[in-house]
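Novice:
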Amino acid sequence: MRYLFIISALFSFQSGIAQNYTVYSPARKIAVSISNNQVLSYQINYKGKVVIKPSQLGFKLNKPNVILSHFDVVTVDSLVYNEAWTPVWGEVNKINNHYKEITITLADKSPHAITFKVVFRVYDEGVGFRYEFPGQVNKYLIVGDELTQFSLAGDHKTFWIPGDYDTNEYLYNTTRLSEIDAVTAANKEPDIAVKSVIGPDAIQTPVLLKTADGLYISLHEAALSNYPAMHLNLDKPTLTFQAHLVPDAVGNKAYLENPARTPWRTIIISDKATELLASKMILNLNEPTRFATTEWIKPQKFVGMWWEMHIGKATWELASGKHGANTANVKRYIDFASKHGFDGVLVEGWNVGWEDWFGNWKEDVFDFITPYPDYDLKGLTKYAKQKGVQIIMHHETSGSAFNYERWLDKAFQFMNDNNMNTVKTGYVGKIIPRGEHHDSQWMINHYQRVAEKAAEHKIMVASHESVRPTGLHRTYPNWMASEAARGSEFNNAPALGITPEHTTILPFTRLMGGPMDFTPGLFRFKLNQFEPTRTTEVRTTLAKQLALYVTIYSPLQMVADLPENYEKHTDALQFIVDVPVDWDDTKILEAEPGDYLTVARKAKNKNDWCLGAITDENSRVLNLNFDFLDAGKKYHASIYRDGEQAHWKTNPEAYVIEKKLVTKKTKIKINLAPGGGCAISIREVK
Ligand code: NOJ
Ligand code: CA
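Adding 10 to a residue's 1-based position in the sequence shown gives its number in the numbering used here.
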């Protein structure tokens with residue numbers, strides 16, 4: 011429902027007089043004040059406290075060459091919107107979209123007289139704003155810089171990763187704003203091969219801030235489309251973030267053909283960490299899907315011929331003599347998936363090209379349709395079908411997005427012809443076209459073209475090394491997950507690896523934009539299984555690996571370890587067999603970034619629930635209250651918790667499985683080990 015409302019502020023159209031507009035969120039928790047005084051600026055208050063101090067809006071254009079900072083207000087429009095919608099899949103089955111909107115149309119005072127609009131949507135949970143350029147005489151614009159600022163009201167505690175045009179696979183740093191040192195942090199990460207660090211004061215979004223008086227603030231963007239990703243550059247003396255757009259090969263940021271619009275800049279604010287995690291504002295700011303049908307889009311769990319290569323049992327390439335993707339080995343994975351009811355088997359290294367895939371900046375390494383001679387594609391397609399399992403395609407592009415686009419039609423048709431409906435894409439290395447970055451406008455458009463083309467073929471996508479998500483999975487529900495952060499593969503990275511706290515920060519940062527293909531489920535913790543000299547280790551307990559299926563939301567969840575490692579713990583594997591990947595409801599029970607998180611989710615179209623609780627390197631007593639369950643019903647709970655002596659370092663495999671009857675009134679205490687967790691599946695007694 012849309013209706014107009016009267017802006018609760020005074021304004022004047024007489025030039026020379028300050029023009030101020032204030033918009034309150036529906037329940038008046040948040041107020042945005044926009045002022046066109048010397049420059050155009052905005053301010054955000056939450057429950058009366060200043061969260062964003064007056065911060066500038068505007069652009070520096072390279073074509074025409076002009077700074078857009080002084081304007082005349084042309085018109086002001088406003089409306090209220092309040093409507094619920096149903097996602098194709100997700101954490102909840104209904105999302106309410108309720109905001110007040112103000113659109114201010116401005117004419118820049120330079121001789122170019124460029125017209126644009128700034129649109130603010132004010133929610134009770136935060137603010138989204140963007141710029142729109144209507145059709146005008148200057149049809150083509152080149153953005154040199156976006157002058158958007160976020161001026162923070164204090165030297166907040168900040169959870170950040172270095173600003174980088176090409177990778178987001180860093181470990182998070184927790185410092186005060188004034189202590190951000192992105193170059194030093196990036197230099198501690200030798201395991202990240204391709205880096206383009208922006209500078210000492212630049213970080214990436216989503217970034218989480220926590221104020222001294224307990225406010226949580228998340229800065230990010232929504233609906234990133236036909237525009238580069240936004241990083242943030244901090245001006246330390248004023249604690250002001252300045253938008254920093256990822257440039258193209260010649261240093262331009264964005265090419266706009268009017269009418270055009272930018273992504274939404276998002277500020278989510280809450281005095282409760284749990285509430286911040288429950289926000290659906292970023293999804294709400296994205297467009298509904300335009301796909302005519304969506305019933306072919308299916309959440310799924312999959313195993314994979316994948317971790318073997320990462321820990322040195324096998325290789326992607328054939329020439330090594332220990333090629334993993336051979337027919338017999340892939341059959342073994344198909345058998346394992348079929349036995350336990352998993353939907354898919356990811357196969358990496360099935361196609362020719364891996365002898366020469368990395369580090370050479372070569373344009374046409376892969377053709378995406380030619381299997382290695384020891385991989386019987388037709389035979390395996392048939393075998394998988396008999397076993398009720400689907401093979402998941404792997405398209406590593408080695409950064410050559412241009413080559414991938416040339417093959418896209420054939421590659422997706424090949425998938426259709428061979429009964430494959432899901433692809434994992436990857437962009438390891440430097441991007442070709444040369445000079446483009448993983449996060450630049452050309453690549454943003456590339457990821458979208460892949461999602462669109464995949465949809466034409468009814469194919470689902472999980473992308474790796476792609477830009478971090480901005481809620482586009484509402485519009486493209488077949489682009490189900492991306493990696494776009496430090497995922498489980500980094501357990502095997504010698505330098506910093508994955509710290510126990512990493513998974514307690516991810517939900518507050520990277521996951522704010524959308525699902526992650528993190529690939530949890532490791533059951534073997536010392537990674538020297540095949541190479542005795544390997545010193546890397548998984549820094550969680552086994553129970554925490556289970557809990558990650560609930561705390562890290564994704565409609566595509568990998569069951570990442572080797573069949574032989576699962577066979578040793580089939581009782582614990584049962585939780586992964588049981589955990590759904592699509593939900594009717596989600597309750598964030600308790601949360602603190604960097605420390606702990608407990609989430610309960612209700613299975614889609616069922617009365618069953620799952621609960622996941624994780625902690626960082628500190629042990630913790632979990633006081634569980636089952637009051638999220640229905641009154642008057644009984645449930646069987648299977649509790650997978652850390653054993654008494656469990657510890658991520660010394661005893662990660664110690665776990666206990668207990669069965670209990672629970673009701674809405676049940677309260678129990680559970681100990682989480684250092685680096686530990688707890689997973690519970692809860693089934694209604696029928
Ligand atoms: C990086 C991906 O994140 C990983 O999952 C994959 O195995 C390798 N690239 C090879 O494509
Ligand atoms: Ca990766």
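Every residue gets a Cβ at the ideal spot worked out from N, C-alpha and C, and that includes glycine.
Bear in mind that the values here come from a model prediction, so they are computed numbers and not experimental data.
(1) According to DSSP, is VAL666 helix, strand or coil?
(2) Name the DSSP beta bridge partners of ILE402, please?
(3) Would you call the CB atoms of LEU537 and ILE690 closer than 9 Å?
(4) Does DSSP classify PRO479 as helix, strand or coil?
(5) Our contact map puts VAL3 next to ILE227 with C-beta atoms below 8 Å; I'd like the distance itself, whole angstroms only.
(6) Counting only C-beta atoms, is PRO74 closer than 9 Å to chain D at any point?
(7) Could you check where the beta strand (DSSP E) with PHE126 kicks off and where it finishes?
(8) Assuming TYR133 and MET291 are in contact, meaning their beta carbons sit under 8 Å apart, how far apart are those beta carbons, in whole angstroms?
(9) Would you kindly report the start and end of the unbroken alpha helix (DSSP H) that includes MET319?
(10) Please name the residue, chosen from ALA222, GLY209, TYR175 and GLN567, that lies closest to ILE190 on a Cα-to-Cα basis.
(11) Taking any heavy atom of ligand 1 as the mark, which residues have a C-beta closer than 5 Å to it, listed down the chain?
(12) Using DSSP with H/G/I as helix, E/B as strand and the rest coil, what is LYS395?
(13) Mind listing, in chain order, the continuous beta strand (DSSP E) runs of no fewer than 3 residues lying wholly within the segment 508–582?
(14) Just to check my reading of the structure: LYS554 and GLY685 have Cβ atoms closer than 8 Å, yes? What is that Cβ distance to the nearest angstrom?
(15) Using a threshold of 8 Å, is the CB atom of GLY497 nearer than that to any non-hydrogen atom of ligand 2?
(16) Tell me whether ASP449 is buried or exposed, calling it buried when 16 or more other Cβ atoms sit within 10 Å of its Cβ.
(17) Should the segment 471–491 be called in touch with the segment 293–307, which here means at least 3 C-beta pairs below 8 Å?
(18) Return yes when at least one heavy atom of ligand 2 lies under 8 Å from the C-beta of GLU199, else no.
(19) How long is the line joining the alpha carbons of PRO216 and MET522, rounded to whole angstroms?
(20) In three-state DSSP terms, what is LYS246?
(21) So who's on the other strand from SER410, going by DSSP bridges?
(22) Let me know if ASP353 comes out buried or exposed under the rule of 16 or more other beta-carbons within 10 Å of its beta-carbon.
(23) Are LEU532 and LYS311 close, meaning C-beta to C-beta below 9 Å?
(24) Hey, is GLU493 close to ligand 2, as in C-beta under 8 Å from one of its heavy atoms?
(25) Please look up how many angstroms separate the CB atoms of TYR150 and PHE126, rounded, as I've assumed it's under 8 Å.
(26) Looking at ligand 2, does it come within less than 8 Å of GLU179, judged from the CB to the closest heavy atom?
(27) Does the segment 604–623 come within contact of the segment 658–675, defined as at least 3 CB pairs closer than 8 Å?
(28) Would you kindly check if the distance between the Cβ of PHE160 and the Cβ of VAL42 is under 9 Å?
(29) In whole angstroms, what separates the C-alpha of PHE143 from that of ALA494?
(30) Could you check the C-alpha separation between ASN236 and LEU266 for me, to the nearest Å?
(31) Measuring only the C-alpha atoms, how far is ILE441 from LEU255?
(32) Determine the direct distance from the alpha carbon of GLU602 to that of ASN75, and round the result to whole angstroms.
(33) Taking LYS167 as the reference, which of LYS220, GLU156, ALA192 and MET453 has the closest Cα?
(34) Mind listing, in chain order, the continuous beta strand (DSSP E) runs of no fewer than 3 residues lying wholly within the segment 73–110?
(35) Does the Cβ-Cβ distance between PRO573 and VAL313 come in under 9 Å?
(36) For a test of the three-state rule: what should DSSP assign to VAL587, helix, strand or coil?
Specialist: In short:
(1) The sequence position of residue 666 within the sequence shown is 656, counting from 1. Residue state, collapsed to three classes: strand.
(2) The count along the sequence shown starts at 1 and reaches residue 402 at position 392. Looking at the DSSP assignment, ILE402 forms a beta bridge with LEU356.
(3) As a first step, residue 537 must be located in the sequence shown, where it is residue number 527. As a first step, residue 690 must be located in the sequence shown, where it is residue number 680. Going by C-beta atoms, LEU537 is not nearer than 9 Å to ILE690.
(4) For this step, residue 479 is matched to residue 469 along the sequence shown. In the structure shown, PRO479 sits in coil (DSSP, three-state: anything other than H, G, I, E or B).
(5) Past the boundaries of the shown model lies residue 3; the chain is included only from 11 to 696, so the question cannot be answered.
(6) Absent from the structure: chain D. Only one protein chain is present.
(7) The residue given as residue 126 occupies position 116 in the sequence shown. That run of the beta strand (DSSP E) goes 125–133.
(8) Here residue 133 corresponds to residue number 123 of the sequence shown, with the count starting at 1. Here residue 291 corresponds to residue number 281 of the sequence shown, with the count starting at 1. Contact flag correct, Cβ pair sits at about 5 Å.
(9) Position 309 of the sequence shown holds residue 319. From DSSP, the alpha helix (DSSP H) with MET319 extends over 317–320.
(10) Position 180 of the sequence shown, counted from the first residue, corresponds to residue 190. Nearest option by C-alpha distance: GLY209.
(11) GLU406, GLY436, VAL438 and HIS474
(12) Stepping through the sequence shown from its first residue, residue 395 is reached at position 385. Helix.
(13) 566–568
(14) The count along the sequence shown starts at 1 and reaches residue 554 at position 544. The count along the sequence shown starts at 1 and reaches residue 685 at position 675. About 7 Å separates the beta carbons of LYS554 and GLY685, which is inside the 8 Å limit, making them a contact pair.
(15) For the purposes of this step, residue 497 is identified with residue 487 of the sequence shown, where counting begins at 1. Correct: GLY497 has its Cβ closer than 8 Å to ligand 2.
(16) Your numbering for residue 449 matches position 439 in the sequence shown. ASP449 is buried by the Cβ-count criterion.
(17) yes
(18) Taking the sequence shown and counting its residues from 1, the one referred to as residue 199 is at position 189. With a threshold of 8 Å, the Cβ atom of GLU199 does not count as near ligand 2, since no heavy atom of the ligand is closer than that.
(19) Against the sequence shown, residue 216 aligns to sequence position 206. Against the sequence shown, residue 522 aligns to sequence position 512. Roughly 7 Å between the two C-alpha positions.
(20) Looking up residue 246 in the sequence shown gives position 236. LYS246: helix per DSSP, three-state reduction.
(21) Position 400 of the sequence shown, counted from the start, is the residue given in the question as residue 410. In DSSP, SER410 forms a bridge with ILE442.
(22) Position 343 of the sequence shown, counted from the start, is the residue given in the question as residue 353. So ASP353 counts as buried.
(23) Position 522 of the sequence shown holds residue 532. Position 301 of the sequence shown holds residue 311. Going by C-beta atoms, LEU532 is not nearer than 9 Å to LYS311.
(24) Residue 493 sits at position 483 when you count from the first residue of the sequence shown. Yes, ligand 2 has a heavy atom inside 8 Å of this Cβ.
(25) Against the sequence shown, residue 150 aligns to sequence position 140. Against the sequence shown, residue 126 aligns to sequence position 116. About 14 Å separates the Cβ atoms of TYR150 and PHE126, ruling out a contact at the 8 Å cut-off.
(26) For this step, residue 179 is matched to residue 169 along the sequence shown. Yes, the beta carbon of GLU179 sits closer than 8 Å to at least one heavy atom of ligand 2.
(27) no
(28) Taking the first residue of the sequence shown as position 1, residue 42 is located at position 32. Taking the first residue of the sequence shown as position 1, residue 160 is located at position 150. The answer is no: Cβ separation not under 9 Å.
(29) Translated into the one-based positions of the sequence shown, residue 143 becomes position 133. Translated into the one-based positions of the sequence shown, residue 494 becomes position 484. Those two C-alpha atoms are separated by around 30 Å.
(30) By 1-based counting over the sequence shown, the position of residue 236 is 226. By 1-based counting over the sequence shown, the position of residue 266 is 256. Roughly 8 Å separates the two Cα atoms.
(31) For this step, residue 441 is matched to residue 431 along the sequence shown. For this step, residue 255 is matched to residue 245 along the sequence shown. Near 17 Å, if we compare the C-alpha coordinates of LEU255 and ILE441.
(32) Here residue 75 corresponds to residue number 65 of the sequence shown, with the count starting at 1. Here residue 602 corresponds to residue number 592 of the sequence shown, with the count starting at 1. Computed Cα separation, rounded: 46 Å.
(33) Translated into positions along the sequence shown, residue 167 becomes position 157. For LYS167, the nearest C-alpha among the options comes from LYS220.
(34) Uninterrupted beta strand (DSSP E) stretches at least 3 residues long and entirely within the segment 73–110 occur at 76–78 and 81–95, given in chain order.
(35) Numbered from its first residue, the sequence shown carries residue 573 at position 563. Numbered from its first residue, the sequence shown carries residue 313 at position 303. Yes; because the gap between Cβ atoms is below 9 Å, this pair is in contact.
(36) Stepping through the sequence shown from its first residue, residue 587 is reached at position 577. VAL587 falls in the helix class under three-state DSSP.
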